[in-house]
Amino acid sequence: MAHFPNHRGWMYDRCYSGRRGMKEAFVLGVDEFVEMARRYEYYALDGGIQCPCIKCECTRILKDEVVKVHLYRKEFMPNYKVWTFHGEEMPSTSTAHENRPASSLNTIVHTSEIQEMVDNTLRQHAEQEANDSRDEESPNESTRRFYNLLAEANQPVFEGSSESNCQCASNSWLVNLIGTFPIKR
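Structure representation (structure tokens):
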């Protein structure tokens, strides 16, 4: 694809003046974007599209129709004319490499590699969140002791009593406080 940013002026020209509706070019462009994102290799793995709206900024993976609604309502995030989070590569310019000394060419980090690293990180984070919700960890020893103390504090003082240990403790604390300070009843 050699026709990158120049033909994507529609991305930041969403509504007619006075917000009297969305421009047809924007709606068609969003459809084009979603179709391209569906062809991206990670679409099936992720189960959706990284939403490039101004709020999500490619950090949330959403269903196609939800992404469309986000873009219709909120527009694209700034400066996203090359869809790197959705499989598109940055256009290379030969003049940029010709003017650099050979030693500096070794230090260039390719955008596609960075993009792949970011995609993998987001995917792992989404997988981790999904796994966390499925299998709960058992609490550590300190946490378990705290919950046991909390449960014991809510047990009745004696069988048939309506007061818990916690209520008794707060009552004795209050009696102690009243006895400590000269408070008139």
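Residues 1 to 185 in the working numbering are what the sequence shown lists, from first letter to last.
Beta carbons are placed, not taken as given, at the ideal position from N, Cα and C, and that holds for glycine.
Original post:
Residues bridged to Q50 by DSSP?
Top reply: I61
Subject >> Given 8 angstroms, three or more beta-carbon pairs between the stretch 45-57 and the stretch 14-30 >> reply: no
Original post:
Taking the alpha-carbon positions, what's the T84 to H7 distance?
Top reply: 16 angstroms
Subject >> Rounded Cβ spacing between K81 and M11 (contact assumed at less than 8 angstroms) >> reply: 6 angstroms
Subject >> Straight-line gap, R144 to E152 (C-alpha atoms, nearest Å) >> reply: 12 angstroms
Subject >> C-beta atoms of E57 and M77 nearer than 8 angstroms >> reply: yes
Original post:
Among residues of its own chain, excluding the 5 on either side of R60, which ones have a beta-carbon nearer than 6 angstroms to its beta-carbon?
Top reply: C51
Original post:
Can you name the residues that DSSP bridges to C15?
Top reply: M22
**OP:** Compare the beta carbon distance of K68 and V118 with 8 angstroms and say whether it is the shorter of the two.
**Re:** no
Subject >> Nearest-angstrom Cα separation, counted from N148 out to Y40 >> reply: 51 angstroms
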